[in-house]
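Enquirer: The numbering of the sequence shown is my numbering, which starts it at 583 and goes up by one.
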Amino acid sequence: VSVVGAGLRVDEPVPGDAWPASSQDRMVEHLKESGCRLGLVTDGERWTLVSWQDGENPGFATWWSSLWREERVTLQAFRTLLGQYRCASEAPEDTLAGLLDRSAVDQREVTTKLGDQTLDAVEILIRTIDQIDRDRGGGLLAEVDEAELYDAAVTVMMRLIFLFFAEENDLLPTSEPLYVDRYAASTLRSRLQESADEHGEEVLETTHDGWPRLLAAWRAVFGGVDHSEMVLAPYGGS
Numbered sequence: 583v584s585v586v587g588a589g590l591r592v593d594e595p596v597p598g599d600a601w602p603a604s605s606q607d608r609m610v611e612h613l614k615e616s617g618c619r620l621g622l623v624t625d626g627e628r629w630t631l632v633s634w635q636d637g638e639n640p641g642f643a644t645w646w647s648s649l650w651r652e653e654r655v656t657l658q659a660f661r662t663l664l665g666q667y668r669c670a671s672e673a674p675e676d677t678l679a680g681l682l683d684r685s686a687v688d689q690r691e692v693t694t695k696l697g698d699q700t701l702d703a704v705e706i707l708i709r710t711i712d713q714i715d716r717d718r719g720g721g722l723l724a725e726v727d728e729a730e731l732y733d734a735a736v737t738v739m740m741r742l743i744f745l746f747f748a749e750e751n752d753l754l755p756t757s758e759p760l761y762v763d764r765y766a767a768s769t770l771r772s773r774l775q776e777s778a779d780e781h782g783e784e785v786l787e788t789t790h791d792g793w794p795r796l797l798a799a800w801r802a803v804f805g806g807v808d809h810s811e812m813v814l815a816p817y818g819g820s
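Quick look at the structure:
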């Protein structure tokens with residue numbers, strides 16, 4: 583346990599020290615040197631649980647004590663995770679370290695599943711484009727090599743995952759009707775399914791409404807939107 587002095591923050595560099603590292607980063611180094619799995623750093627307001635294990639990235643979980651009176655559930659979570667029984671009387675798999683181990687296993691399973699699904703989606707996309715190319719006598723991909731096609735398909739899938747994650751976590755304005763109607767990727771499938779239910783599945787083979795919508799979403803994230811009904815700050819990332 584490390585207690586930071588008054589006026590300091592656990593997530594900011596320690597002033598007056600030649601090593602420009604925050605108190606929580608210093609805790610990571612201490613855990614590495616001591617062989618401990620967990621550390622707690624606090625400045626009174628922030629209580630940061632630090633975890634480290636060889637071969638994995640360090641983890642941080644922070645509680646703000648000023649919220650405990652208003653948001654009792656956060657205080658309950660803090661007490662549940664850091665109560666003394668969690669270290670002394672629980673079965674090994676139910677200790678805090680055991681919970682972190684189980685979480686890491688679950689995270690790897692989710693990551694593996696997502697990776698497999700992404701590869702399957704890339705394969706479907708490339709196979710579909712290839713079929714369209716054959717239908718057009720090879721003119722569509724005449725000047726595109728296989729590596730470029732694969733890179734483009736992976737880019738499409740990774741940007742889709744970015745949109746799905748951002749919308750699921752309310753990082754994009756999914757409560758705004760304009761965004762939902764014109765940009766949202768998470769509602770695109772249901773919209774296409776409605777068209778298929780109304781006009782038949784074959785209509786999806788002849789329409790191209792989905793692709794311009796995805797392009798609009800990516801451009802909105804990159805460059806932002808300044809509209810009377812919605813404002814989206816530009817991300818500008820790659």
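Where a beta carbon is used, it is the ideal one built from N, C-alpha and C, also for glycine.
Let me know if Val592 comes out buried or exposed under the rule of 16 or more other beta-carbons within 10 Å of its beta-carbon.
Expert: In the sequence shown, the residue the question calls residue 592 occupies position 10. By the neighbour-count rule (16 or more Cβ atoms within 10 Å), Val592 is buried.
Enquirer: With DSSP run on the structure shown, which of helix, strand or coil describes Trp793?
Expert: The residue labelled residue 793 in the question sits at position 211 within the sequence shown. In the structure shown, Trp793 adopts helical secondary structure according to DSSP, grouped into three states.
Enquirer: Between Val813 and Leu754, what straight-line distance do the alpha-carbon atoms span, to the nearest angstrom?
Expert: Within the sequence shown, the letter at position 231 stands for residue 813. Within the sequence shown, the letter at position 172 stands for residue 754. For Val813 and Leu754, the distance between alpha carbons rounds to 10 Å.
Enquirer: Give the C-beta separation of Val704 and Val736 to the nearest angstrom, bearing in mind that I take them to be a contact with Cβ-Cβ under 8 Å.
Expert: Translated into positions along the sequence shown, residue 704 becomes position 122. Translated into positions along the sequence shown, residue 736 becomes position 154. The C-beta distance from Val704 to Val736 rounds to 6 Å, short enough to fall under 8 Å.
Enquirer: Quick one: give me the first and last residue of the beta strand (DSSP E) that Arg628 is part of.
Expert: Within the sequence shown, numbered from 1, the residue matching residue 628 stands at position 46. Note, Arg628: beta strand (DSSP E), Arg628 to Ser633.
Enquirer: Helix, strand or coil for Val610 per DSSP?
Expert: Translated into positions along the sequence shown, residue 610 becomes position 28. Val610: helix per DSSP, three-state reduction.
Enquirer: Hey, out of Ala798, Gly641, Gly637 and Phe744, whose CA is closest to Val762's CA?
Expert: One-based indexing of the sequence shown puts residue 762 at position 180. When Ala798, Gly641, Gly637 and Phe744 are compared, the shortest CA-CA separation from Val762 is found for Ala798.
Enquirer: In terms of DSSP beta bridges, what is Ala643 paired with?
Expert: As a working mapping, residue 643 is identified with position 61 in the sequence shown. Per DSSP, Leu631.
Enquirer: Kindly indicate which three-state DSSP category Ser605 falls into: helix, strand or coil?
Expert: Position 23 of the sequence shown, counted from the start, is the residue given in the question as residue 605. In this structure, Ser605 counts as helix in the three-state DSSP scheme.
Enquirer: Check Asp688 in the structure and name its three-state DSSP category.
Expert: By 1-based counting over the sequence shown, the position of residue 688 is 106. Asp688: helix per DSSP, three-state reduction.
Enquirer: Please work out which residues of its chain come closer than 8 Å, Cβ to Cβ, to Thr656, disregarding the five sequence neighbours upstream and downstream, and give them in chain order.
Expert: On the sequence shown, position 74 is the one that residue 656 refers to. Excluding positions up to five away in sequence, the list reads Trp645, Trp646, Leu649 and Trp650.
Enquirer: Grouping DSSP H, G and I as helix and E and B as strand, with all else coil, what is Asp733?
Expert: As a first step, residue 733 must be located in the sequence shown, where it is residue number 151. Correct three-state label for Asp733: helix.
Enquirer: Output the distance between the C-alpha atoms of Leu760 and Ala686, rounded to the nearest integer angstrom.
Expert: To locate residue 760, count along the sequence shown from 1; it is residue 178. To locate residue 686, count along the sequence shown from 1; it is residue 104. Going from the Cα of Leu760 to the Cα of Ala686 covers about 38 Å.
Enquirer: For the alpha helix (DSSP H) that contains Val726, what are its first and last residues?
Expert: Indexing the sequence shown from 1 puts residue 726 at position 144. Premise fails: Val726 is in no alpha helix (DSSP H) and is neither H nor E.
Enquirer: Please return the same chain residues whose Cβ sits closer than 7 Å to the Cβ of Gln635, not counting the five positions on each side in sequence.
Expert: For the purposes of this step, residue 635 is taken as residue 53 along the sequence shown, with counting starting at 1. Contacts found: Arg619.
Enquirer: In three-state terms, what does DSSP make of Pro674?
Expert: Position 92 of the sequence shown, counting from 1, holds the residue named residue 674. In the structure shown, Pro674 sits in a helix (DSSP, three-state: H, G or I).
Enquirer: For the alpha helix (DSSP H) containing Asp763, name the first residue and the last one.
Expert: Stepping through the sequence shown from its first residue, residue 763 is reached at position 181. Looking at the DSSP string, the run of the alpha helix (DSSP H) that includes Asp763 is Pro759 to Arg764.
Enquirer: Shorter than 8 Å, the distance from the beta carbon of Leu770 to the closest heavy atom of the ligand COA, or not?
Expert: Annotation note on the ligand COA: not contained in the displayed structure, which lists no ligands.
Enquirer: In or out: Thr624 buried (at least 16 other Cβ within 10 Å) or exposed?
Expert: Taking the first residue of the sequence shown as position 1, residue 624 is located at position 42. Its Cβ being crowded by 16 or more others within 10 Å, Thr624 is buried.
Enquirer: Out of curiosity, what's the CA-to-CA distance linking Tyr667 and Tyr765?
Expert: Here residue 667 refers to the residue found at position 85 of the sequence shown. Here residue 765 refers to the residue found at position 183 of the sequence shown. Their Cα atoms are separated by approximately 49 Å.
Enquirer: According to DSSP, is Ser772 helix, strand or coil?
Expert: For the purposes of this step, residue 772 is taken as residue 190 along the sequence shown, with counting starting at 1. Helix.
Enquirer: Does the beta-carbon of Trp800 have 16 or more other beta-carbons within 10 angstroms, so that it is buried, or is it exposed?
Expert: In the sequence shown, residue 800 corresponds to position 218, counting from 1. Buried, since its Cβ has 16 or more Cβ neighbours within 10 Å.
Enquirer: Work out the CA separation of Ala603 and Leu631 for me, nearest whole Å.
Expert: As a position in the sequence shown, residue 631 is number 49, starting the count at 1. As a position in the sequence shown, residue 603 is number 21, starting the count at 1. In a straight line, the C-alpha of Leu631 is about 17 Å away from that of Ala603.
Enquirer: By DSSP's criteria, Pro595 is part of a beta bridge. Which residues make up the other side?
Expert: Residue 595 sits at position 13 when you count from the first residue of the sequence shown. Beta-bridge pairing links Pro595 to Ser604.
Enquirer: Verify whether the separation of the beta carbon atoms of Val583 and Gly641 is less than 9 Å.
Expert: As a first step, residue 583 must be located in the sequence shown, where it is residue number 1. As a first step, residue 641 must be located in the sequence shown, where it is residue number 59. Contact flag unset, no.
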